[in-house]
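Just below is one structure, and these are the notes that go with it.
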Amino acid sequence: GQNIDQPTEMTATEGAIVQINCTYQTSGFNGLFWYQQHAGEAPTFLSYNVLDGLEEKGRFSSFLSRSKGYSYLLLKELQMKDSASYLCAVLNAGKSTFGDGTTLTVKP
Amino acid sequence: DVKVTQSSRYLVKRTGEKVFLECVQDMDHENMFWYRQDPGLGLRLIYFSYDVKMKEKGDIPEGYSVSREKKERFSLILESASTNQTSMYLCASRNGGGAYEQYFGPGTRLTVT
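If you're matching them up, the sequences are chains U and H in order.
FYI, my numbering numbers position 74 of the first sequence as 74, with every residue one higher than the one before it.
Every number in my numbering is 1000 more than the matching position in the second sequence, counting from 1.
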């Protein structure tokens, strides 16, 4: 079976750093995605990790530890427009299984 | 830019009606997916397709069927709509090669009364 856990909600202040965690237990693993979804819009791709370690892309970074079944998304220099849901998804045999998402609210 | 379009943003249907949701992508992607998204349940895979005329069941296929007659088009069919199929439906496509990110359409908010 597939089990992916993320916190339901997080709040952070503009300009700060926030880390969104994702833990997973899946029958197979071919990589982990992070997507961003603004309210009423479609998810958009942020990052993909298949090897252990940190992938940095501008203000966003994503980390993976396959042995621990753990990933996090790190958002730096938060902006108001970063208020959105962040979805963790595990790829296995061509299919992605999504977590329920973490709703991040950025406050001034 | 990859573009995935869905036939309707909002749709209201009655219980028992046959419902067609259409999805078209313009990037020649091999793989296409249908999800539904519900509060507290996240994105759940209904069906997916690796190629024309091929389809595979996802995690929640009951009450749904799909059709892929052309590479760019993937249709989701609700044979007899029920109120528990009220949801946001998202279509996605993906290249079949080494690039695994999915591109999502804007979604169809379906209400079954």
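Cβ atoms here follow ideal geometry from the backbone N, Cα and C, with glycine treated the same way.
Does the beta-carbon distance from residue i to residue j come in below 7 Å?
| i | j | result |
| --- | --- | --- |
| Cys22(U) | Gly69(U) | no |
| Val50(U) | Ser83(U) | no |
| Glu97(U) | Tyr86(U) | Checking the sequence shown, residue 97(U) turns out to be Thr, not Glu. Result no, Cβ atoms of Thr97(U) and Tyr86(U) do not sit closer than 7 Å. |
| Ser61(U) | Leu32(U) | no |
| Phe1048(H) | Ala42(U) | no |
| Leu1041(H) | Leu1110(H) | no |
| Val1024(H) | Thr1005(H) | yes |
| Glu1017(H) | Ala1092(H) | no |
| Tyr35(U) | Ile4(U) | no |
| Ile20(U) | Lys76(U) | no |
| Gln37(U) | Cys88(U) | no |
| Val90(U) | Thr26(U) | yes |
I believe residue i touches residue j by the beta-carbon criterion, under 8 Å. Please report the beta-carbon distance rounded to the nearest angstrom.
| i | j | result |
| --- | --- | --- |
| Arg1068(H) | Met1088(H) | The Cβ separation is near 21 Å, so there is no contact. |
| Gly1096(H) | Tyr1050(H) | 7 Å |
| Thr1086(H) | Val1066(H) | In fact, because the Cβ distance is near 19 Å, the residues do not count as touching under 8 Å. |
| Ile1046(H) | Leu1076(H) | 7 Å |
Relative to the alpha-carbon of residue i, which residue among the options has its alpha-carbon at the smallest distance?
| i | options | result |
| --- | --- | --- |
| Gly1058(H) | Asn92(U), Ser65(U), Phe45(U) | Asn92(U) |
| Gly15(U) | Ser67(U), Lys95(U), Arg59(U) | Arg59(U) |
| Arg1036(H) | Lys1003(H), Leu1078(H), Asp1028(H) | Leu1078(H) |
| Lys57(U) | Gly28(U), Lys95(U), Phe45(U) | Phe45(U) |
| Ser65(U) | Leu75(U), Gln25(U), Asp52(U) | Asp52(U) |
| Glu55(U) | Ser27(U), Tyr24(U), Leu73(U), Thr26(U) | Leu73(U) |
| Thr1083(H) | Glu1022(H), Leu1021(H), Gly1063(H) | Gly1063(H) |
| Asn1031(H) | Leu1021(H), Glu1072(H), Leu1076(H) | Glu1072(H) |
Does any residue of chain H have a CB that is nearer than 7 Å to the CB of residue i?
| i | result |
| --- | --- |
| Leu104(U) | no |
| Phe111(U) | In the structure displayed, chain U extends from 1 to 108; residue 111(U) sits before or after that span and is not available. |
| Phe45(U) | yes |
| Gly53(U) | no |
| Asp5(U) | no |
| Ala42(U) | yes |
| Gly99(U) | yes |
| Leu78(U) | no |
| Leu91(U) | yes |
Hey, is residue i's beta-carbon within less than 7 Å of any beta-carbon in chain U?
| i | result |
| --- | --- |
| Phe1074(H) | no |
| Tyr1047(H) | no |
| Gly1063(H) | no |
| Gly1101(H) | Note that residue 1101(H) is Glu in the sequence shown, not Gly. Interface residue, yes. |
| Leu1043(H) | yes |
Quiz prompt | Minimum length 3: unbroken beta strand (DSSP E) runs contained in the region 1027-1058 of chain H | solution = 1031-1038, 1042-1049
Quiz prompt | Whole runs of the beta strand (DSSP E) within the region 33-60 of chain U, excluding any shorter than 3 residues | solution = 44-49, 53-57
Quiz item: What are the start and end residues of each continuous beta strand (DSSP E) run of 3 or more residues lying completely inside the region 1069-1109 of chain H, in chain order?
Solution: 1073-1078, 1087-1094
Practice problem: Any chance you could list the beta strand (DSSP E) runs of at least 3 consecutive residues sitting entirely within the region 75-103 of chain U, in chain order? | Solution: 84-92, 95-98
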